[in-house]
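J.: Chains as they are written, first to last, in my numbering: chain A, 1 to 325; chain B, 1 to 404. From the three backbone atoms N, C-alpha and C, an ideal C-beta is built for every residue, glycine too. One structure is given below, represented as structure tokens, and several questions about it will come after.
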Amino acid sequence: MTRITLAKGLNAGLRAALEADPKVLIMGEDVGKLGGVFRITDGLQKDFGEDRVIDTPLAESGILGTAVGLAMRGYRPVCEIQFDGFVYPAYDQIVSQVAKIHFRSQGRIRMPLVIRIPFGGGIGAVEHHSESPEAQFAHTPGLKVVSCSNPVDGYWMIQQAIQSDDPIVFLEPKRQYHADKAELDETLQPEPLFSSRIVREGGDLTLLAYGPMVKTCLASAEAAAGEGRSIEVIDLRTLSPLDMGPVFASVRKTGRAVVAHEAHVNLGMGSEVAARITEECFYALEAPVLRVGGFDTPYPPSRIEEDYLPDLDRVLDAVDRSFAY
Amino acid sequence: MSENAVPTANGEFGPRLGEVFGPSHADGGPELVQLLTPEGERVEHQDFTLDLGDEEDEAIKGFYRDMVLTRRIDTEATALQRHGELGIWAQLLGQEAAQIGSGRALRPQDFVFPTYREHGVAYCRDVDPLRLLGLFRGVDQGGWDPNEGNFGLYTIVIGAQTLHAVGYAMGMQRDGVVGTGDPERDAAVVAYFGDGASSQGDVNESFIFAASYNAPVVFFCQNNQWAISEPIERQSRIPLYQRALGFGFPGVRVDGNDVLACYAVTQAALRRAREGSGPTLVEAYTYRMGAHTTTDDPTRYRLSSDLEHWKLKDPIARLKAYLTRNGVVEDDFFAGIEDEAEKLGEHLREGCKALPEPSPLSIFDQVYVDQTPELAAQKVGFAAYLESFEGGVPTGSTTGIGAH
Numbered sequence: 001m002t003r004i005t006l007a008k009g010l011n012a013g014l015r016a017a018l019e020a021d022p023k024v025l026i027m028g029e030d031v032g033k034l035g036g037v038f039r040i041t042d043g044l045q046k047d048f049g050e051d052r053v054i055d056t057p058l059a060e061s062g063i064l065g066t067a068v069g070l071a072m073r074g075y076r077p078v079c080e081i082q083f084d085g086f087v088y089p090a091y092d093q094i095v096s097q098v099a100k101i102h103f104r105s106q107g108r109i110r111m112p113l114v115i116r117i118p119f120g121g122g123i124g125a126v127e128h129h130s131e132s133p134e135a136q137f138a139h140t141p142g143l144k145v146v147s148c149s150n151p152v153d154g155y156w157m158i159q160q161a162i163q164s165d166d167p168i169v170f171l172e173p174k175r176q177y178h179a180d181k182a183e184l185d186e187t188l189q190p191e192p193l194f195s196s197r198i199v200r201e202g203g204d205l206t207l208l209a210y211g212p213m214v215k216t217c218l219a220s221a222e223a224a225a226g227e228g229r230s231i232e233v234i235d236l237r238t239l240s241p242l243d244m245g246p247v248f249a250s251v252r253k254t255g256r257a258v259v260a261h262e263a264h265v266n267l268g269m270g271s272e273v274a275a276r277i278t279e280e281c282f283y284a285l286e287a288p289v290l291r292v293g294g295f296d297t298p299y300p301p302s303r304i305e306e307d308y309l310p311d312l313d314r315v316l317d318a319v320d321r322s323f324a325y
Numbered sequence: 001m002s003e004n005a006v007p008t009a010n011g012e013f014g015p016r017l018g019e020v021f022g023p024s025h026a027d028g029g030p031e032l033v034q035l036l037t038p039e040g041e042r043v044e045h046q047d048f049t050l051d052l053g054d055e056e057d058e059a060i061k062g063f064y065r066d067m068v069l070t071r072r073i074d075t076e077a078t079a080l081q082r083h084g085e086l087g088i089w090a091q092l093l094g095q096e097a098a099q100i101g102s103g104r105a106l107r108p109q110d111f112v113f114p115t116y117r118e119h120g121v122a123y124c125r126d127v128d129p130l131r132l133l134g135l136f137r138g139v140d141q142g143g144w145d146p147n148e149g150n151f152g153l154y155t156i157v158i159g160a161q162t163l164h165a166v167g168y169a170m171g172m173q174r175d176g177v178v179g180t181g182d183p184e185r186d187a188a189v190v191a192y193f194g195d196g197a198s199s200q201g202d203v204n205e206s207f208i209f210a211a212s213y214n215a216p217v218v219f220f221c222q223n224n225q226w227a228i229s230e231p232i233e234r235q236s237r238i239p240l241y242q243r244a245l246g247f248g249f250p251g252v253r254v255d256g257n258d259v260l261a262c263y264a265v266t267q268a269a270l271r272r273a274r275e276g277s278g279p280t281l282v283e284a285y286t287y288r289m290g291a292h293t294t295t296d297d298p299t300r301y302r303l304s305s306d307l308e309h310w311k312l313k314d315p316i317a318r319l320k321a322y323l324t325r326n327g328v329v330e331d332d333f334f335a336g337i338e339d340e341a342e343k344l345g346e347h348l349r350e351g352c353k354a355l356p357e358p359s360p361l362s363i364f365d366q367v368y369v370d371q372t373p374e375l376a377a378q379k380v381g382f383a384a385y386l387e388s389f390e391g392g393v394p395t396g397s398t399t400g401i402g403a404h
């Protein structure tokens with residue numbers, strides 16, 4: 001048992017994947033000698049060589065496009081996109097090629113590649129370094145989208161994603177990379193990758209989150225408990241496909257749901273989650289499903305990002321509105 | 001005062017700044033590698049020799065047959081589109097030599113990444129042309145197995161496949177099938193693209209990645225002069241092959257209507273790639289004698305005199321002139337190939353109409369290797385919806401089961 005950060009968990013998970021399967025490759029900008037700008041791939045090139053941990057030219061479409069070819073040749077590339085806002089030059093390769101090749105080839109070609117994206121804000125960065133593009137990928141048939149929220153999930157989920165024969169967009173909450181430590185027991189069996197998980201039990205309201213907002217929502221639930229409200233928090237973990245079973249069961253119990261994410265509310269993940277809860281749990285609901293998220297603006301300058309990002313108070317405000325119904 | 005002089009800030013006259021950095025391209029005009037003139041005369045080139053083994057005449061006759069059959073695939077598919085059997089067809093008329101010359105230089109272990117116009121290369125890789133028709137008829141999006149003939153799926157997004165080619169070649173490097181010296185083992189990749197695609201970021205990124213990793217790739221650009229309505233001058237101010245040097249690998253321009261030169265140059269580039277010497281850009285200088293696709297109307301943007309000029313350089317006519325003049329072929333050679341072409345035409349006409357219609361329910365099964373519960377549920381729901389109609393077809397459906 002060791003206490004690790006999310007960065008260490010991901011690093012250990014990548015190392016385990018490289019050790020387990022010689023076809024696993026890591027590729028991206030600065031992932032080699034430097035170990036990545038967040039040090040997630042620290043030390044891996046030294047141990048696995050330049051042919052397996054590949055420093056690429058600075059061209060995101062090139063990274064994803066060559067990863068497609070490597071996957072066709074039988075490799076399992078893990079592509080690092082340096083920051084969320086830099087993924088768009090690769091958008092065509094991801095949406096038109098990676099996502100569709102298995103379908104277009106009638107299942108003859110598999111795309112077992114992982115696209116790692118550090119996402120979300122809160123690190124005081126300049127523009128294009130704090131975005132939450134998950135809905136764009138979850139809206140794309142052929143991709144699967146997951147997000148880890150803590151060090152232990154980071155360790156297991158990255159390995160599970162690499163083992164998947166389908167392409168996976170793997171979203172890492174960058175402000176959590178070096179934040180909290182957790183106990184990792186490598187002997188435990190991980191939960192399935194495409195599963196949501198109750199991270200705090202409660203009976204009065206269901207609070208749904210993923211990635212960086214899980215920590216915020218747990219803090220919100222703790223604060224609400226002081227006011228006598230028992231809030232259940234669910235870490236969605238998988239955004240496409242969504243694992244709604246535990247969510248439906250929870251909402252049928254509580255009758256109220258709030259979904260929170262950093263991404264813009266308009267057509268964000270919360271919209272889909274709210275629609276599905278409404279379809280499945282209509283008669284159990286005491287209030288409309290409420291969404292808390294970023295505003296429908298571009299990500300703002302960092303000096304006001306804490307105003308933009310949904311925080312404990314904004315989540316509790318939504319909780320209050322739900323109970324006011 | 002020279003007309004190249006312009007006023008400077010202090011009122012004096014200096015050289016025009018446009019001249020300060022020197023010329024913007026390497027030389028006045030490109031050299032074209034040619035081994036067979038438009039009149040069908042064999043010529044030699046100092047750098048590229050024709051290496052067809054012991055049976056040179058037979059190989060050249062084979063090229064002729066390949067080109068005639070390829071043209072027949074094209075004309076037959078065009079006719080099928082006119083008869084409403086295909087939604088659209090991308091014509092290759094005039095590009096037979098570029099495709100057969102390069103396609104026949106491939107070895108079985110090489111891999112091809114095509115655009116959507118490489119019908120002749122597909123033929124070289126033993127893809128049944130009927131499979132090509134499926135895409136244009138709308139019954140599938142690529143009905144052949146890319147791993148069977150090492151021929152990738154047609155790629156509609158211009159230039160995207162050139163990056164796949166480089167990645168595949170990087171995989172070959174890691175598999176130890178480059179530069180071993182064993183001709184049965186060493187392999188390379190050919191990335192096909194056109195003059196229009198040369199403007200795409202992906203093509204330029206593929207050049208950068210290939211150069212950086214010294215990947216075993218031949219970039220085979222068919223410069224057919226036209227990207228739908230846009231002439232080559234809109235894409236490039238220099239001959240395309242010269243761009244390669246800027247990326248750090250060699251480029252060469254070959255007469256794209258000369259099947260012998262296309263074969264010789266591609267073979268050399270492939271050998272270079274297989275031995276581990278890195279990428280090459282081959283610009284096959286040719287002409288799109290047909291339309292971009294069957295929905296295009298070239299009379300709106302180009303002169304018919306251009307077409308007449310290029311007809312004189314027809315790749316099939318020049319090889320026929322060579323074969324006839326040199327007494328290489330028997331009397332019944334051309335008639336025999338015509339018979340073959342007739343049979344191929346019949347195969348396409350009959351086979352096209354018999355291509356099985358896809359089932360609406362089939363779309364759910366190949367989105368993922370591991371189907372999601374969401375998709376499985378959608379399939380069940382859609383099946384029940386279809387079942388609720390008599391005969392399983394919604395009223396007014398034009399695409400459902402049994403509509404044909």
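Could you round the C-beta distance between Gln-378 (chain B) and Phe-364 (chain B) to whole angstroms and report it? I think they count as a contact, below 8 Å.
T.: 6 Å
J.: So, using beta-carbon positions, are Phe-419 (chain B) and Lys-320 (chain B) closer together than 9 Å?
T.: Outside the shown range of chain B, which is 1 to 404, sits residue 419 (chain B), and nothing can be said about it.
J.: Taking buried to mean at least 16 other C-beta atoms within 10 Å of its own C-beta, is Val-31 (chain A) buried or exposed?
T.: buried
J.: Decide if Gln-200 (chain B) is buried, meaning its Cβ has at least 16 other Cβ atoms within 10 Å, or exposed.
T.: buried
J.: Would you tell me roughly how many angstroms separate the C-alpha atoms of Glu-44 (chain B) and Val-98 (chain A), rounded to the nearest one?
T.: If I take the Cα positions, the gap works out to 45 Å.
J.: Which bits of chain A does Glu-374 (chain B) rub up against, with CB to CB less than 8 Å?
T.: Pro-241, Leu-242
J.: Starting from the beta carbon of Gly-167 (chain B), find every residue of chain A whose beta carbon is closer than 7 Å, and list them in chain order.
T.: Gly-65, Thr-66, Ala-67, Val-68, Gly-69, Leu-70
J.: What are the boundary residues of the alpha helix (DSSP H) that Ala-161 (chain A) is part of?
T.: 151-163
J.: What does His-164 (chain B) reach in chain A if we use C-beta pairs closer than 8 Å?
T.: Gly-65, Thr-66, Val-68, Gly-69, Met-72, Gln-97
J.: Provide the residue span of the alpha helix (DSSP H) that contains Glu-346 (chain B), from first to last.
T.: 333-354
J.: Suppose the cutoff is 8 Å on Cβ atoms and the five residues either side in sequence are ignored; what does the same chain contact list for Thr-70 (chain B) look like?
T.: Leu-92, Glu-96, Gln-99, Ile-100, His-119, Gly-120, Tyr-123
J.: Would a check of beta-carbon distances place Arg-318 (chain B) closer than 9 Å to chain A?
T.: no
J.: I think Gln-161 (chain B) touches Gly-152 (chain B), with their Cβ atoms under 8 Å apart; what is that distance to the nearest whole Å?
T.: 7 Å
J.: For Leu-132 (chain B), which residues from the same chain have a beta carbon less than 7 Å from its beta carbon, with the 5 sequence-adjacent residues on both sides left out?
T.: His-119, Ala-122
J.: Just the chain A side, please: which residues come within less than 7 Å of Phe-209 (chain B) by C-beta, in chain order?
T.: Pro-57, Gly-62, Thr-66
J.: What separation, rounded to the nearest whole angstrom, lies between the Cα atoms of Gly-149 (chain B) and Ala-165 (chain B)?
T.: 15 Å
J.: Could you name the residues of chain B that Tyr-75 (chain A) contacts, counting a contact when the two beta carbons are closer than 8 Å?
T.: Gly-171, Arg-174
J.: Where does Thr-220 (chain B) sit, in a helix, a strand or coil, going by DSSP?
T.: Checking the sequence shown, residue 220 (chain B) turns out to be Phe, not Thr. It is a strand residue.
J.: Kindly indicate which three-state DSSP category Phe-83 (chain A) falls into: helix, strand or coil?
T.: coil
J.: If Lys-144 (chain A) sits next to Asp-165 (chain A), beta carbons under 8 Å apart, how far is it from one beta carbon to the other, in whole angstroms?
T.: The beta carbons of Lys-144 (chain A) and Asp-165 (chain A) sit about 10 Å from each other, so the pair does not count as a contact at 8 Å.
J.: Does the distance from the CB of Gly-120 (chain A) to the CB of Gly-13 (chain A) come in under 9 Å?
T.: no
J.: Identify, in the order they occur along the chain, each residue of the same chain with its Cβ nearer than 7 Å to the Cβ of Gly-255 (chain A), setting aside the five sequence neighbours on each side.
T.: Ala-284, Leu-285, Glu-286
J.: Less than 9 Å between CB atoms is the rule here; does Pro-141 (chain A) satisfy it with respect to chain B?
T.: Yes - at least one Cβ of chain B is within 9 Å of the one on Pro-141 (chain A).
J.: Do you know how far the Cα of Leu-208 (chain A) is from the Cα of Ala-191 (chain B)?
T.: Ala-191 (chain B) and Leu-208 (chain A) have their alpha carbons spaced roughly 47 Å apart.
J.: In whole angstroms, what is the alpha-carbon distance linking Leu-135 (chain B) and Leu-80 (chain B)?
T.: 13 Å
J.: Could you tell me if Lys-353 (chain B) is buried or exposed, where buried requires 16 or more neighbouring beta carbons within 10 angstroms of its beta carbon?
T.: exposed
J.: Would you check if the region 116-136 of chain A and the region 53-67 of chain A touch, i.e. whether three or more CB-CB distances between them fall below 8 Å?
T.: no
J.: Can you give me the C-alpha to C-alpha distance between Pro-358 (chain B) and Arg-104 (chain A), rounded to a whole angstrom?
T.: 13 Å
J.: Buried or exposed for Tyr-64 (chain B), please, with buried defined as at least 16 other CB atoms from any protein chain shown within 10 angstroms of its CB.
T.: By the 10 Å Cβ count, Tyr-64 (chain B) comes out buried.
J.: With a 10 Å radius around its C-beta and 16 neighbouring C-beta atoms as the bar for buried, classify Pro-335 (chain A) as buried or exposed.
T.: Chain A is shown only over 1 to 325; residue 335 (chain A) falls outside these bounds and no answer can be derived.
J.: Does the distance from the C-beta atom of Leu-361 (chain B) to that of Ala-383 (chain B) stay below 9 Å?
T.: yes
J.: Put Gly-69 (chain A) into one of helix, strand or coil per three-state DSSP.
T.: helix
J.: Given that a residue counts as buried once 16 or more other Cβ atoms are within 10 Å of its Cβ, and exposed if not, what is Pro-373 (chain B)?
T.: exposed
J.: Could you name the residues of chain B that Gln-93 (chain A) contacts, counting a contact when the two beta carbons are closer than 8 Å?
T.: Ala-160, Leu-163, Asp-202
J.: With a threshold of 7 Å on Cβ separation, who are the neighbours of Pro-298 (chain B) within its own chain once the five nearest residues in sequence on each side are excluded?
T.: Ala-291
J.: Taking its Cβ as the centre, do 16 or more other Cβ atoms sit within 10 Å of Gly-43 (chain A), making it buried, or is it exposed?
T.: Exposed.
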